[in-house]
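Q: Here it is: the structure, laid out below.
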Amino acid sequence: MNIVVCVKQIPDPADPPTMDEAKGTLNRNGKLIMDDSDSYGVEMALQLAEQAGGGEVTLVSMAPNNETSGLRTALAMGAAKAVLISDDTLAGSDALSTAKVLARSIERVNPDLVVAATESTDGYTGTTPVQLAELLGWPSVTFAKKISIEDGKVHVQRQTEVGYDDVECPLPAVVTVTAGVVEPRYPSFKGIMAAKSKPVDQLTPSDIGLDASQVGAAGAGQRVVSVEAAPQRASGDVVVDDGDAYQRIVQFLQELKLV
Amino acid sequence: MTIDRILVIAESNNGQVLPASLELLTEARSISDKVDAIAWGKDTASLAAEVGSYGAGRLFDVGDIGESLPGPHVASAIAAIVNSENAPSIILAPTTYDCRDIIGRLSVKIDRPVITNVVGLDQEGDAISSSHVLFGGSQIATAQFTGKMPWIFIVRSKTFTAEPSSGQPAEVVGIQAGDLGATANASIVSHHVETQSGPKLDEADVVVSGGRGLGSQEAYSMVEELAELLHGAAGASRAIVDSGWVPYSRQVGQTGKTVKPTVYIACGISGATQHLVGMKGAKNIIAINKDQEAPIFSVADLGIVGDLHQIMPKLIEALKGLS
Ligand SMILES: Cc1cc2nc3c(=O)[nH]c(=O)nc-3n(C[C@H](O)[C@H](O)[C@H](O)COP(=O)(O)OP(=O)(O)OC[C@H]3O[C@@H](n4cnc5c(N)ncnc54)[C@H](O)[C@@H]3O)c2cc1C
Ligand SMILES: Cc1cc2nc3c(=O)[nH]c(=O)nc-3n(C[C@H](O)[C@H](O)[C@H](O)COP(=O)(O)OP(=O)(O)OC[C@H]3O[C@@H](n4cnc5c(N)ncnc54)[C@H](O)[C@@H]3O)c2cc1C
Numbered sequence: 001m002n003i004v005v006c007v008k009q010i011p012d013p014a015d016p017p018t019m020d021e022a023k024g025t026l027n028r029n030g031k032l033i034m035d036d037s038d039s040y041g042v043e044m045a046l047q048l049a050e051q052a053g054g055g056e057v058t059l060v061s062m063a064p065n066n067e068t069s070g071l072r073t074a075l076a077m078g079a080a081k082a083v084l085i086s087d088d089t090l091a092g093s094d095a096l097s098t099a100k101v102l103a104r105s106i107e108r109v110n111p112d113l114v115v116a117a118t119e120s121t122d123g124y125t126g127t128t129p130v131q132l133a134e135l136l137g138w139p140s141v142t143f144a145k146k147i148s149i150e151d152g153k154v155h156v157q158r159q160t161e162v163g164y165d166d167v168e169c170p171l172p173a174v175v176t177v178t179a180g181v182v183e184p185r186y187p188s189f190k191g192i193m194a195a196k197s198k199p200v201d202q203l204t205p206s207d208i209g210l211d212a213s214q215v216g217a218a219g220a221g222q223r224v225v226s227v228e229a230a231p232q233r234a235s236g237d238v239v240v241d242d243g244d245a246y247q248r249i250v251q252f253l254q255e256l257k258l259v
Numbered sequence: 260m261t262i263d264r265i266l267v268i269a270e271s272n273n274g275q276v277l278p279a280s281l282e283l284l285t286e287a288r289s290i291s292d293k294v295d296a297i298a299w300g301k302d303t304a305s306l307a308a309e310v311g312s313y314g315a316g317r318l319f320d321v322g323d324i325g326e327s328l329p330g331p332h333v334a335s336a337i338a339a340i341v342n343s344e345n346a347p348s349i350i351l352a353p354t355t356y357d358c359r360d361i362i363g364r365l366s367v368k369i370d371r372p373v374i375t376n377v378v379g380l381d382q383e384g385d386a387i388s389s390s391h392v393l394f395g396g397s398q399i400a401t402a403q404f405t406g407k408m409p410w411i412f413i414v415r416s417k418t419f420t421a422e423p424s425s426g427q428p429a430e431v432v433g434i435q436a437g438d439l440g441a442t443a444n445a446s447i448v449s450h451h452v453e454t455q456s457g458p459k460l461d462e463a464d465v466v467v468s469g470g471r472g473l474g475s476q477e478a479y480s481m482v483e484e485l486a487e488l489l490h491g492a493a494g495a496s497r498a499i500v501d502s503g504w505v506p507y508s509r510q511v512g513q514t515g516k517t518v519k520p521t522v523y524i525a526c527g528i529s530g531a532t533q534h535l536v537g538m539k540g541a542k543n544i545i546a547i548n549k550d551q552e553a554p555i556f557s558v559a560d561l562g563i564v565g566d567l568h569q570i571m572p573k574l575i576e577a578l579k580g581l582s
């Protein structure tokens, strides 16, 4: 069972994010880390490979400046190797061009299953993995809250508006996971040491047969025209509870004729 | 490029078009007088009157797709429309699980990018600008397509208000999906409904939500009781959904539902930006939190600093006395 996990490396969400106003893109020059949303996919893939009795977990990431620190975190959790696509021409990619880059890279690995997060923390379009599945010509199951593999099929509990559906899908397939699908492990000291020598295959778009006009800002068919401060909601009364503050709520609801 | 036809994805559930699709039909008819809708399922034709009354002239019917996930079928049908004389200039889809799947596949089939998480559309002649919440709502970005039509937008629910017009039932036009290869091989084996009584979270007039400050899963029953007393719906922060206290269908925020009730009551919720984007549009916000510095107070019309275990039981008793 060979599994690819898509791992996005993003600016630390704890640091205040900034936009490059001229280009209309997020600044990604500082240190990047593994998107927390992808830690669930990495853990899920490791467990599925183990249950299948073997096989490799390979990470695939597109990121600026040959960034590998987020990949090292996932390698330290137990993934075997990584493919990193990095190039200046990729800056400003939209989700569709990102999917094209990921698809070409994944074809080289030829896995049985691709796991991604339902949506990333920074861009959160939630479209890249399905675009990827269509490019590969594979079925996809999104919003998985539980995954198992039996008889060459992936079985997924897929979240719905009212609960969940049991979905069955033959391999190869793309599955996207939600937070909570599994509890991600913390990398052990041994894992962190081992990760340092695990192979990271570094590629450019031309290595995977894409030319500069298809990717990055050049390939993106949309642009940000302005960024402005949002109108702020004014705050109202804040009262410290003296034992009777609940009456303020009752009064507030009465004024709105809700009680 | 001139804006001509608009195609709206009319997702339905139990024979009714989702409010989010009706909102988009309402917006579409203010941009163009040529609005079409597309739907799939067993008895799609029965939706013709409803989409027609919201302004759709035609309803493309993909038909019964059995227990397949809809993404590949509907994307293929829309691609066929795009390659016909009925080609739309703009495609509008609500932010739902299935529509994201449909649009992701469509985007590849017709090689067009997608603008997602739209919270506003502005038309100026033949240009459309979309607005987007950035960084949890502190900033608003405006985006535009630079390339060829059709322009595809996935819009957050509650961005527009659904209003019927006096339109006639839409003309039903059958449309076939093409060869789907392996892509259509995912199928639903069984459906599971987690019971929920009372109004729906994203349609309720009152929403009472609980967060990690409740301290335990058991304490969520106070949230449910309060919601019931106010004829509202119970919601939650992601923290307690991820902890498994309540199902995901109750989550409010960036990765959950957007709600715009008359009153939103946040109990033991800190007010992280990803939570705020889902409820800041409420007409009135009441917050109960023991930490005076909690960010939720910066958006609250009435903030109570105190222990929810003291305040909520008294509030529930008082409301019982009034009803
Ligand atoms: C605020 C903001 C808004 C944006 N809006 C849009 C928009 O409307 N339309 C658009 O086309 N682009 C948009 N972008 C750009 C988009 O975020 C990037 O193109 C990005 O490369 C892919 O999209 P995503 O992060 O939204 O991925 P999603 O589709 O949300 O990602 C889902 C999963 O796919 C995998 N994945 C995604 N990117 C990578 C990667 N580079 N390497 C490895 N795995 C990956 C991860 O598992 C990820 O969790 C936006 C960016 C920002 C910052
Ligand atoms: C990509 C991404 C998407 C996300 N999407 C969402 C989303 O859709 N929705 C969402 O909600 N979150 C989302 N989050 C998570 C979000 O960042 C917060 O972690 C989450 O909202 C916190 O939930 P909380 O307020 O319940 O918990 P906490 O932040 O832990 O807050 C608990 C609060 O309870 C108060 N409290 C404690 N005890 C008491 C008491 N006895 N009485 C009164 N008050 C008390 C505390 O003062 C505190 O303010 C997302 C995060 C990421 C990274």
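Just so you know, the protein sequences line up as chains X and Y, in that order. Read in our numbering, the first sequence has 96 at position 96, and its numbers run on one by one without any break. Throughout, our numbering is defined as the position within the second sequence, counted from one, plus 259. Glycine included, every Cβ here is placed at the ideal spot set by N, Cα and C. Given the structure is predicted, the values throughout are model-derived calculations rather than measurements.
Runs of 3 residues minimum, wholly inside the stretch 280–308 of chain Y: which ones carry the beta strand (DSSP E) assignment?
A: Segments of the beta strand (DSSP E) lying fully in the stretch 280–308 of chain Y: 294–298.
Q: Of the residues that make up the stretch 101–119 of chain X, which ones have a beta carbon closer than 8 Å to any beta carbon in chain Y?
A: Under the 8 Å Cβ criterion, the stretch 101–119 of chain X contributes Thr118 and Glu119.
Q: Around ligand 2, what residues have a beta-carbon under 5 Å from a heavy atom of it, in chain order?
A: Qualifying residues come out as X:Thr121, Y:Gly470, Y:Arg471, Y:Gly472, Y:Ser496, Y:Arg497, Y:Ala498, Y:Gly512, Y:Gln513, Y:Thr514, Y:Gly515, Y:Gly527, Y:Ile528, Y:Ser529, Y:Ala531, Y:Gln533, Y:His534, Y:Asn548, Y:Lys549, Y:Asp550, Y:Ala553, Y:Asp566 and Y:Leu567.
Q: Can you find a heavy atom of ligand 1 that lies under 7 Å from the Cβ of Met44 of chain X?
A: Taking the first residue of the first sequence as 1, we reach residue 44 of chain X at position 44. No, the beta carbon of Met44 of chain X sits no closer than 7 Å to any heavy atom of ligand 1.
Q: With a threshold of 6 Å on Cβ separation, who are the neighbours of Val392 of chain Y within its own chain once the five nearest residues in sequence on each side are excluded?
A: The residue labelled residue 392 of chain Y in the question sits at position 133 within the second sequence. Excluding sequence neighbours, Val392 of chain Y sits near Val378 and Val536.
Q: Beta carbons nearer than 7 Å to chain X: which residues of the stretch 332–364 of chain Y have them?
A: Here the close residues are Tyr356, Arg359, Asp360, Ile362, Gly363 and Arg364.
Q: Could you spell out where the beta strand (DSSP E) holding Asp165 of chain X opens and where it closes?
A: Counting from 1 along the first sequence, the entry for residue 165 of chain X is found at position 165. Element bounds for Asp165 of chain X: Gly163 to Pro170.
Q: With DSSP run on the structure shown, which of helix, strand or coil describes Pro184 of chain X?
A: Locating residue 184 of chain X in the first sequence gives position 184, counting from the first residue. In the structure shown, Pro184 of chain X sits in coil (DSSP, three-state: anything other than H, G, I, E or B).
Q: Can you name the residues that DSSP bridges to Arg317 of chain Y?
A: One-based indexing of the second sequence puts residue 317 of chain Y at position 58. Bridge partners of Arg317 of chain Y: Y:Asp295 and Y:Glu430.
Q: Within 10 angstroms of the Cβ of Phe412 of chain Y, are there 16 or more other Cβ atoms? Answer buried if so, exposed if not.
A: Locating residue 412 of chain Y in the second sequence gives position 153, counting from the first residue. That one is buried.
Q: Any chance the CB of Pro11 of chain X is under 7 Å from a heavy atom of ligand 1?
A: Position 11 of the first sequence, counting from 1, holds the residue named residue 11 of chain X. Checking the Cβ of Pro11 of chain X against ligand 1 gives no.
Q: Given a threshold of 16 other Cβ atoms within 10 Å of its Cβ, counted over all protein chains shown, does Met408 of chain Y qualify as buried or as exposed?
A: The sequence position of residue 408 of chain Y within the second sequence is 149, counting from 1. Met408 of chain Y comes out buried.
Q: If the cut-off is 7 Å on Cβ atoms, which residues from the stretch 213–239 of chain X count as contacting chain Y, listed in chain order?
A: Hits within the stretch, in order: Ala220, Gly221, Gln222, Arg223, Val224, Val225, Ser226, Val227, Glu228, Ala229, Ala230, Arg233, Ser235, Gly236, Asp237, Val238 and Val239.
Q: Which residues does DSSP pair with Ser526 of chain Y in a beta bridge?
A: Working through the second sequence from its first residue, we reach residue 526 of chain Y at position 267. Residue identity differs from the one stated: residue 526 of chain Y is Cys in this sequence, not Ser. In the DSSP output, where bridge partners are listed per residue, Cys526 of chain Y has Y:Gly469 and Y:Ile547.
Q: Rounded to the nearest angstrom, how far is the Cβ of Val174 of chain X from that of Leu132 of chain X, given a contact under 8 Å?
A: In the first sequence, the residue the question calls residue 174 of chain X occupies position 174. In the first sequence, the residue the question calls residue 132 of chain X occupies position 132. Correct: roughly 6 Å between the Cβ atoms.
Q: Work out the CA separation of Ala220 of chain X and Leu84 of chain X for me, nearest whole Å.
A: Indexing the first sequence from 1 puts residue 84 of chain X at position 84. Indexing the first sequence from 1 puts residue 220 of chain X at position 220. The alpha-carbon atoms of Leu84 of chain X and Ala220 of chain X are separated by roughly 21 Å.
Q: What separation, rounded to the nearest whole angstrom, lies between the Cα atoms of Asp295 of chain Y and Ile265 of chain Y?
A: Taking the second sequence and counting its residues from 1, the one referred to as residue 295 of chain Y is at position 36. Taking the second sequence and counting its residues from 1, the one referred to as residue 265 of chain Y is at position 6. Cα-Cα distance, rounded: 6 Å.
Q: Within 8 Å (strictly less), CB to CB, does Arg371 of chain Y reach chain X?
A: Counting from 1 along the second sequence, the entry for residue 371 of chain Y is found at position 112. Answer yes: the Cβ-Cβ gap between Arg371 of chain Y and chain X drops below 8 Å somewhere.
Q: Hey, is Ala230 of chain X close to ligand 1, as in C-beta under 7 Å from one of its heavy atoms?
A: As a working note, residue 230 of chain X is residue 230 in the first sequence. Checking every heavy atom of ligand 1 against the Cβ of Ala230 of chain X, none is found closer than 7 Å.
Q: Are Leu318 of chain Y and Ala298 of chain Y touching if we call contact CB-CB under 8 Å?
A: On the second sequence, residue 318 of chain Y is found 59 positions in, with the first residue counted as 1. On the second sequence, residue 298 of chain Y is found 39 positions in, with the first residue counted as 1. The answer is yes: Cβ separation under 8 Å.
Q: Look at Val558 of chain Y and Ile544 of chain Y and say whether their C-beta atoms are less than 8 Å apart.
A: Working through the second sequence from its first residue, we reach residue 558 of chain Y at position 299. Working through the second sequence from its first residue, we reach residue 544 of chain Y at position 285. In this structure, Ile544 of chain Y lies closer than 8 Å to Val558 of chain Y by Cβ.
Q: Per DSSP, Thr25 of chain X is paired with what?
A: Walking along the first sequence from the start, residue 25 of chain X turns up at place 25. In DSSP, Thr25 of chain X forms a bridge with X:Asp20.
Q: State yes or no: is the C-beta of Ser480 of chain Y within less than 8 Å of the C-beta of Ala525 of chain Y?
A: Position 221 of the second sequence holds residue 480 of chain Y. Position 266 of the second sequence holds residue 525 of chain Y. Against a cut-off of 8 Å, the Cβ pair of Ala525 of chain Y and Ser480 of chain Y comes out as no contact.
Q: Does the Cβ of Ser93 of chain X lie closer than 7 Å to at least one heavy atom of ligand 1?
A: Start at 1 with the first residue of the first sequence, and residue 93 of chain X comes out as number 93. The answer is yes for Ser93 of chain X.
Q: Taking buried to mean at least 16 other C-beta atoms within 10 Å of its own C-beta, is Val452 of chain Y buried or exposed?
A: Working through the second sequence from its first residue, we reach residue 452 of chain Y at position 193. When all chains shown are included, Val452 of chain Y counts as exposed.
Q: Check whether the Cβ of Asn66 of chain X sits closer than 7 Å to any heavy atom of ligand 1, and report yes or no.
A: In the first sequence, the residue the question calls residue 66 of chain X occupies position 66. Because no heavy atom of ligand 1 lies under 7 Å away, the Cβ of Asn66 of chain X does not count as near it: no.
Q: By DSSP, does Ser39 of chain X sit in helix, in strand, or in coil?
A: For this step, residue 39 of chain X is matched to residue 39 along the first sequence. DSSP places Ser39 of chain X in helix when its eight states are reduced to three.
Q: With distance defined between alpha-carbon atoms, name the residue in X:Asn27, X:Ala22, X:Ser188 and X:Ile3 nearest to Pro13 of chain X.
A: Position 13 of the first sequence, counted from the first residue, corresponds to residue 13 of chain X. Answer by Cα proximity: X:Asn27.
Q: Taking only beta-carbon positions, decide if Val181 of chain X is within less than 8 Å of chain Y.
A: For the purposes of this step, residue 181 of chain X is taken as residue 181 along the first sequence, with counting starting at 1. For Val181 of chain X, the answer is no, since every Cβ of chain Y falls outside 8 Å of its Cβ.
Q: Taking three-plus beta-carbon pairs below 8 Å as touching, is the stretch 14–22 of chain X in contact with the stretch 203–219 of chain X?
A: Contact between the stretch 14–22 of chain X and the stretch 203–219 of chain X is absent, because fewer than three Cβ pairs lie under 8 Å.
Q: Quick check: the Cα distance between Ala315 of chain Y and Leu284 of chain Y, rounded to an integer number of angstroms?
A: Residue numbering aside, residue 315 of chain Y sits at position 56 when the second sequence is read from its first letter. Residue numbering aside, residue 284 of chain Y sits at position 25 when the second sequence is read from its first letter. Ala315 of chain Y and Leu284 of chain Y: Cα-Cα distance of roughly 7 Å.
Q: Among the residues of its own chain, which have a CB less than 6 Å from the CB of Thr25 of chain X, if the five just before and after it don't count?
A: Reading the first sequence from its first residue, position 25 is the one you call residue 25 of chain X. Closer than 6 Å at Cβ, skipping near neighbours: Gly92.
Q: For Val141 of chain X, count neighbouring Cβ atoms within 10 angstroms of its own Cβ and tell me buried if that reaches 16, exposed if not.
A: The residue given as residue 141 of chain X occupies position 141 in the first sequence. Classification for Val141 of chain X: buried.
Q: Cβ of Phe143 of chain X less than 8 Å from any chain Y Cβ?
A: If you number the first sequence from 1, residue 143 of chain X lands on position 143. By this cut-off, Phe143 of chain X is an interface position.
Q: Under 8 Å Cβ-Cβ, which residues of chain Y neighbour Cys169 of chain X?
A: If you number the first sequence from 1, residue 169 of chain X lands on position 169. By Cβ distance, chain Y contributes Asn444, Ala445 and Ser446.
Q: Considering only the alpha carbon of each residue, which of X:Val227, X:Lys81 and X:Ser213 lies closest to Ala195 of chain X?
A: Along the first sequence, read from residue 1 onward, the residue named residue 195 of chain X stands at position 195. Nearest of X:Val227, X:Lys81 and X:Ser213 to Ala195 of chain X, Cα basis: X:Lys81.
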